[in-house]
Each structure stands twice: as structure tokens, then as C-alpha cells.
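Residue numbers (numbering that gives the first Met the number 0), protein chains in the order written: chain A, 0 to 90; chain B, 0 to 360; chain C, 0 to 308. A short write-up of the structure that comes next.
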Amino acid sequence: MTSWRVSPDRELLIRQWSKELVVYDCRTGDTHLLEELASQVFLLLKHQSVSSKAVVDHIAAHFALEMDDDLVSEVHAILENLAFLSLIREI
Amino acid sequence: MPPDRLILQALRDPASFLSRPLGDWDILLRQARYFNLLGRLASLFQQQSLLDWVPVQPREHLLWDLVRAERHALAVRSEVDYIREALARVGIPLILLKGASYALAGLPAAAGRYFSDIDILVPQESLNDVEAALLMHGWISSHHDEYDQHYYRTWMHELPPMQHVRRMTVIDVHHAIVPQTAPVHPSPQKLRTAAQALPDADNLFVLGPEDMVLHSAVHLFHDGEFDNGLRDLVDIDALLRHFDAGQRFWESLTQRAVEMELSRPLFYALRYSSHILGTPVPKGALQSLCKAGPSGIFLAGMDALFQRGILGPSPWSPERRSSLAHFLLYVRANALRMPPVLLARHLFHKAFISRSKGNVH
Amino acid sequence: MLDVSSLPSADIGYRLKSSGVYLRIGRFTVHIRSEISSLFHALTLLYKDYPMSFDAEFADFHVRVTRPLNARRWLRAQAVFMCDGVSAFKPLPLSQAYPMLEWGLNWCISGHAHGYLMVHAAVIEKDGKAVIMPAPPGSGKSTLCAGLISRGWRLLSDEIALIRLEDGELVPHPRPVSLKNASINVIRSFAPDSVMSPVVNDTVKGTVCHVRPPRDSVLRFDETAIPAWIVFPKYEASSLPQLTPVPRAQALIRVADNAFNYSILGRKGFETLARLIDRVECHNLTYSSLDDAVEVFASLGSQDVSHAA
Numbered sequence: 000m001t002s003w004r005v006s007p008d009r010e011l012l013i014r015q016w017s018k019e020l021v022v023y024d025c026r027t028g029d030t031h032l033l034e035e036l037a038s039q040v041f042l043l044l045k046h047q048s049v050s051s052k053a054v055v056d057h058i059a060a061h062f063a064l065e066m067d068d069d070l071v072s073e074v075h076a077i078l079e080n081l082a083f084l085s086l087i088r089e090i
Numbered sequence: 000m001p002p003d004r005l006i007l008q009a010l011r012d013p014a015s016f017l018s019r020p021l022g023d024w025d026i027l028l029r030q031a032r033y034f035n036l037l038g039r040l041a042s043l044f045q046q047q048s049l050l051d052w053v054p055v056q057p058r059e060h061l062l063w064d065l066v067r068a069e070r071h072a073l074a075v076r077s078e079v080d081y082i083r084e085a086l087a088r089v090g091i092p093l094i095l096l097k098g099a100s101y102a103l104a105g106l107p108a109a110a111g112r113y114f115s116d117i118d119i120l121v122p123q124e125s126l127n128d129v130e131a132a133l134l135m136h137g138w139i140s141s142h143h144d145e146y147d148q149h150y151y152r153t154w155m156h157e158l159p160p161m162q163h164v165r166r167m168t169v170i171d172v173h174h175a176i177v178p179q180t181a182p183v184h185p186s187p188q189k190l191r192t193a194a195q196a197l198p199d200a201d202n203l204f205v206l207g208p209e210d211m212v213l214h215s216a217v218h219l220f221h222d223g224e225f226d227n228g229l230r231d232l233v234d235i236d237a238l239l240r241h242f243d244a245g246q247r248f249w250e251s252l253t254q255r256a257v258e259m260e261l262s263r264p265l266f267y268a269l270r271y272s273s274h275i276l277g278t279p280v281p282k283g284a285l286q287s288l289c290k291a292g293p294s295g296i297f298l299a300g301m302d303a304l305f306q307r308g309i310l311g312p313s314p315w316s317p318e319r320r321s322s323l324a325h326f327l328l329y330v331r332a333n334a335l336r337m338p339p340v341l342l343a344r345h346l347f348h349k350a351f352i353s354r355s356k357g358n359v360h
Numbered sequence: 000m001l002d003v004s005s006l007p008s009a010d011i012g013y014r015l016k017s018s019g020v021y022l023r024i025g026r027f028t029v030h031i032r033s034e035i036s037s038l039f040h041a042l043t044l045l046y047k048d049y050p051m052s053f054d055a056e057f058a059d060f061h062v063r064v065t066r067p068l069n070a071r072r073w074l075r076a077q078a079v080f081m082c083d084g085v086s087a088f089k090p091l092p093l094s095q096a097y098p099m100l101e102w103g104l105n106w107c108i109s110g111h112a113h114g115y116l117m118v119h120a121a122v123i124e125k126d127g128k129a130v131i132m133p134a135p136p137g138s139g140k141s142t143l144c145a146g147l148i149s150r151g152w153r154l155l156s157d158e159i160a161l162i163r164l165e166d167g168e169l170v171p172h173p174r175p176v177s178l179k180n181a182s183i184n185v186i187r188s189f190a191p192d193s194v195m196s197p198v199v200n201d202t203v204k205g206t207v208c209h210v211r212p213p214r215d216s217v218l219r220f221d222e223t224a225i226p227a228w229i230v231f232p233k234y235e236a237s238s239l240p241q242l243t244p245v246p247r248a249q250a251l252i253r254v255a256d257n258a259f260n261y262s263i264l265g266r267k268g269f270e271t272l273a274r275l276i277d278r279v280e281c282h283n284l285t286y287s288s289l290d291d292a293v294e295v296f297a298s299l300g301s302q303d304v305s306h307a308a
């Protein structure tokens, strides 16, 4: 089971407004906008490693959503995208 | 001081420039930009803690350029990372050359130095593998013409420059440091053997100090032209000052020059660096190379050629100048390009990860 | 320095052709040389209130707009823009010499002044509070800007917002406002007192002209302003004026998207932008008439615009 965590060795500047995050990656100079769901995932992974399943559970609980296939694939897609951007990595 | 020497004064002794009138600063900034040395100049003032003493109007310009320099340094590191990743499976040591090597090795020569291409050195037998790996990771060859391809591979010492499709960055892959058509043949094998691994980096190398200097010297005088002359001389000066750790360095430098058949380029490099930028080159070193250089009227001729070539014809050179206010429309091919930042100007990556859309833009 | 209107026009003309003139534009001193008479006329008309001298020790930029020395000289009259002897643009028809100066100045400033976060935006101010209007080309920003400054708003800038890195304040950079195509007549009717340069046709941007900024805006070039709003304008024919809040995180990205040097500034750019977003309210504005827009702007201070922070 894959676990994820915000890359600890990346210097990231984070600002939050309302439910969205903007993340600046000091190494690449990239600026990322994460909307609600992605923001929650990111914040969850900021200081701890969490398994994929636990991430889905957390999101479902936090947003009071139905735990269904759509949600699972949605969250997985977010995890993959965050990883692609090198904001999080697999543990 | 004749206006065209102002840049030299500032490079040799930044502190002495502080008391100059504002008008000289105006010219200095323009000269520095023209010779692609504004970043270097700004870094010198910064390193020597002199910025606060610079008059406020020119100081702003120096500060602005330091911002660019910082960004450039980051971009270089980032690009080297990408290259390293692309070539990871080729199984060769990644040897950086010139600007990228100064930057990654943290040398003073890197400060404020702009360049648009990353240069690397690979064994000739690996060229195809390297090219294939780069192609696979998004670089494409910039010269499609068969003749150009042939020219680069056969006569030059490199693959035609390759440009990354997304990042627009350019890589030059060399297998030697002098064109094959040149009369000298410094051994690439020897260069590779003497290459030094960078700490904190996996499989990243730079040339040994002596070879770095020699490589820089080789480009100083090329095809009878001093193309980027002053900038190259500034590199040489910076490298020499940094590596100068006593007699031993100069001895090993001159010995290496002989070994690599590059005594003459080194002769010119040491001679002109010391004459023009005041590099503290020991007399002994210069003398031991004298035989490699021309003498008598030929030397005088070279001196004149170099003096003229290193600075001009710029808008400030005596033969061009009537009064400053009337400088002619002179467009110098090399100076045309504003020192490019490695990344495209608006390169700014944004990713909107949206629930409702379900994909990453 | 005296202002342009106090200097004998013949002297300006002579200097422009020879040793050049030094114009103070906002915090920049620009050395300009040009032998082109249409440029001389537009310059003296639109920069009438700006400080000018014939001699200065230091200029931030040295620019020339001149006829190129090539064969084309005889076939089709052209002009080139050069900054410090470097020609950054292709030559354009001679008739476009003055607009070329304006475009060239934008290029010089946006390419160099990295002590500021520079955003492609108009900036106006009233009662101590400034509005930044970022907008990609064609959004009607300049028309809106020209309209508002004719109704009492101070012009800080039409094209380049200069946000000072140290403290996030807006540094004025008042310059003639550029208008294109239909906007020209719109402003002619909306503000009949506007002083405009002669219209230039067939440019890359269509038909263009420039409007002289209010004297007050020029004189107050040293007065910084505190940003209070970011408004993204969008002209939409026949629409009712509508001001809708923009979530701050999205506003940040949109402003960065419109910034000239956000990327070059690196983390300082991000921090400056984040601090700006923190202190302003962000809106989209759709409008179809300048009168409507002027009213919306007038109510900005007093309106209880609910903002989804």
C-alpha cells in the first residue's frame, strides 16, 4: 500500500485563502494553485505519511462525501498529480 | 579616463569607481550591458560589500541585475538536474563545461555570468547514446540540414545544439574542447581523467582547475577574432584568482598546457589577463610560456590586435566616438541578444488541480 | 528640470535630433533621440507636463527611434527602436515611430526594473486607494482606464503596474494611454477634452493613438499609492455592469499570469504578490458602457461588496 507525504526536502511557500492553497516551489520556481480537495490532501500530507486508503477516508469524512469509486479515483488522480509536480512523494 | 576604459577600471578595482561622477556610472552601466558583464559587475560590488556606496541611480540597476543573476543561477541548477536525469542510464560520468560548471562548482567566476546553453563533455564513443537519451527526454536537434549535421559532428567537436521542446533550453554536447580542424589536439581522455566530482551531487563532474583555465583560454582567441573577448578574459581572470594558491598551481598550469598542446592559448590568456585586468600572474609563469608565444613585431602585432579586439569597436571606442552624445548606430551581432535567462521569460508553471474538472491542467 | 511646455519647441526639436533630451517619466529618466518629426510632435503634445532637460548626468535608459541605415531607407520609409544600441524590434513603417517609442519604453522598463513586481495592468487611484486592473490585450483595460481618468481618477499607469518589493506600494508610472480601433471614438465622445496624438493606422495592433494623461497625474509622479482593489475588467457588449468577487488564490494566479517579471523575481515575486493579495479585494467586472463602469468604480469604496475571502 502506497504512502504519501509532502516532500520534506523541498522548500515550499504556502498561502491559504479560504479553502484554496497556493504553493510556491522555491527550487523550480513553479507556482501551483490547489483547489479545495487537492488542498485538503496536501495539508493532510504536510507533516506525516499517510496511506492512499487513509487519504481517501479522510477526504470522505472531511467533506462528508459518499465513499464510492468516483471518489477513490478522484483522490488517486490528485495524488498522482501532486506527485507529478514533485509536491508529494511516495514513501 | 577615456570612456572605453571605464569598464576595465570598474572590473579591476570596483572600489575605486565609487568616487567617479554620475556620468561615468551612466556609461559604465551601458558598457557593462553591451559586453554582457553587468551581472558580473553587480556581483563584484556585492561581494566586496560596496553596493551601499554606489550612487543610488546606478545602484538600482545593479540591484535589478542581481535579481536576474539569482534567477539564472537557479535555472542552471534546475536544468542540470534535468540533464542528469535524462542521461542517468547512459552510464557515463556527466562532465560539465564552462558556465554550468562554474555555477555548479560554486566558483566566483559564476557570479552574474549569463549564458544560454549548457555545455557537457562526453566520450566520443558515447555520442550516439547521449543523443538518443536526450531525444527521448524531449530535446530536439536544432540543425536539421544534413550538411550542418555533418559539419558539427565531423569538424566541430560536438553534436549540433539540441533544444528542449518544452523548456526551450539548449544543450551542447562536446567530445573534445577544440575543433577537430584545429592544429592542436588536447586529449579528451586526459581531460576526463582529471575531471573532479562535485560534492553533494551524484555523478556530476567538472574539469580540473588547470583544464578549466585552459578551456577558457582556448576560446579567447578563435579564428582570428576576439569575439566575446572581454567576457572570456573576465572568466580567465576570475578562475586564475580563485585557483591561485601559490607557486604549485602556476607550475601545474603551465605544465598541463604543454601536455595538452595549449601553451600558446595560455600564453595569451595570462598575458592579456594580467595586462588588462591586473590578474596577479607570477613573472615566472609568463616567462616559462614566452617561447610558446610570438615575439618581436609579431607579438606587438598580436598585442595591438587584442587591445583593439577586446573592447571594440564599441560605441565608446576612440575611432568611433566623436562625442558620447553622438554615438553611431552600431549594432554588434553578439551584443544583440540580451543575455537570455535560461528559462523563457514567462515560464511560470501553474497547475490547477480541480475536483470538478477531474484532471490537471 | 523644467517641464516640456516651458521649453522652446524649436530647442526641443533640435536637441531631439542631436544630443537628445532627458525626460523624467515617473521614477525613470529616459534619454531620447530621434530625428523623426512625427515623434517630435507627439512627444511635445503628450508629454507637455513632464519634466525635461537637455543635459543630465544619468539616464536609466538611452533610447533612439531612427531610420535604419539600410536599403529599405529609400524604398519604404521605416523606423527602428533601439535601447543602448541594441535593436529589439523589427523595423516598422515610419508612421509608427511614436507608438514604437511607447512600446519600446514598455519593453525597456519591463525587461529591467526588477526592483518591482511588474504587472501588465492599469493602475488608477482616488482618495488614497488604488485599483489595479490586470488584463490581457483586448480586454478593454486601456479604454476603461482612459475613461476613468477623465472622471477624476489619478493615473498611476496604463500598461505597467510597478509594485515596490520592499513595501508593496504602487509606484506611479504615468504615461500616455494607448487606445485602439473603436476605443478611439469611444473616448472621443466620452471625454471630448482629451488630447490625443494623431491616429496611426495599420499597426500590428490595428489603428492606434495615445491620450495625454491629466496634468495632475503627471505632477504627482512621486506619490505612491496603497493598493486596495484588483479588478479584472472584461468588456462584453450589451451587458449590465457586474462586479463579482474572485477567490484570492485564483486572483493570485491570474495576476502572476499577467506579470512581466514574476518568474524572474522568484520567491520574492511570490511573497510580494501574496502580500498584495492579502491586502486587496479582488473582483471580475463585466461592463458594456463606460458610464456604467465609472459608476461601479465610484461605488467601490462605499459598496458593501461581499467578498469570498
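We put the beta carbon where it would ideally sit given N, CA and C, even for glycine. Here the structure is a predicted model, which means the values were calculated and not measured.
In the structure shown, residue 107 of chain B falls within a helical segment according to DSSP collapsed to helix, strand and coil. Taking the beta carbon of residue 80 of chain C as reference, no residue of chain B falls within 8 Å; the closest one sits roughly 12 Å away.
Taking 7 Å as the cut-off between beta carbons, the residues of the region 53-87 of chain B near chain A are 73 and 77, in sequence order.
Per DSSP, the unbroken alpha helix (DSSP H) holding residue 13 of chain B starts and ends at 13-16. For residue 210 of chain B, there are no C-beta contacts with chain C under 8 Å, since the nearest C-beta of that chain is about 33 Å from it.
For residue 20 of chain A, the residues of chain C that pass the 9 Å Cβ criterion are 248, in the order they occur in the chain. Membership of residue 133 of chain C in the beta strand (DSSP E) is indicated by the continuous run 128-133. Here DSSP, grouped into helix, strand and coil, assigns residue 169 of chain B to strand. At a cut-off of 8 Å between C-beta atoms, residue 26 of chain A counts as an interface residue with respect to chain B. Distance from the CA of residue 268 of chain C to the CA of residue 74 of chain B, rounded to the nearest whole angstrom, comes to 16 Å. Contact with chain C is found for residue 32 of chain A, since one of that chain's Cβ atoms lies less than 8 Å from the residue's Cβ.
Note that the region 290-299 of chain B does not touch the region 238-250 of chain B; fewer than 3 beta-carbon pairs, one per stretch, sit closer than 8 Å. Unbroken alpha helix (DSSP H) runs of no fewer than 4 residues, entirely contained in the region 69-115 of chain C, are found at 71-74 and 96-111, following chain order. As a beta-bridge residue in DSSP terms, residue 24 of chain A pairs with A:11. At least one beta carbon of chain C lies nearer than 8 Å to the beta carbon of residue 16 of chain A. Around the Cβ of residue 235 of chain C, a 10 Å sphere holds fewer than 16 other Cβ atoms; the residue is exposed. Cβ contact annotation for residue 128 of chain C (same chain, cutoff 6 Å, sequence separation greater than five): 227, in chain order. Taking 8 Å as the threshold, the shortest C-beta distance from residue 12 of chain A to chain C falls below it. Annotation: residue 96 of chain C to residue 260 of chain C spans about 26 Å, alpha carbon to alpha carbon. Neighbours of residue 56 of chain C in chain B, taken as residues whose beta carbon is under 7 Å from its own, are 20, 21, 22 and 25 in chain order. Annotation: residue 281 of chain C to residue 144 of chain C spans about 17 Å, alpha carbon to alpha carbon. For residue 247 of chain B, no chain C residue has a Cβ inside 9 Å of its Cβ, as the nearest lies near 40 Å away.
Judged by pairs of C-beta atoms under 8 Å, the region 86-97 of chain B touches the region 121-137 of chain B, as three or more such pairs exist.
Here residue 244 of chain C is bridged, per DSSP, to C:282. Pairing residue 51 of chain C with residue 22 of chain C gives a Cβ-Cβ distance under 8 Å. In the structure shown, the three-state DSSP call for residue 152 of chain C is coil. In the DSSP assignment, residue 24 of chain B is bridged to no other residue.
A residue is called buried once 16 or more other Cβ atoms fall within 10 Å of its Cβ, and residue 262 of chain C is buried on that count. Secondary structure note for residue 204 of chain B: its beta strand (DSSP E) is the uninterrupted segment 203-205. Secondary structure at residue 120 of chain C: strand, using DSSP grouped into helix, strand and coil. Sorting B:54, B:57 and B:232 by C-alpha distance to the C-alpha of residue 277 of chain B places B:232 at the top. DSSP places residue 34 of chain A in the coil class of the three-state scheme, outside both helix and strand. Rounded to whole angstroms, the gap between the alpha carbons of residue 167 of chain B and residue 283 of chain B is 46 Å. For residue 33 of chain B, the C-beta contacts it makes with chain C under 9 Å involve 83, 84 and 85, in order along the chain.
By the 16-neighbour rule on beta-carbons within 10 angstroms, residue 296 of chain B is exposed. The beta carbon of residue 112 of chain B sits no closer than 8 Å to any beta carbon of chain C.
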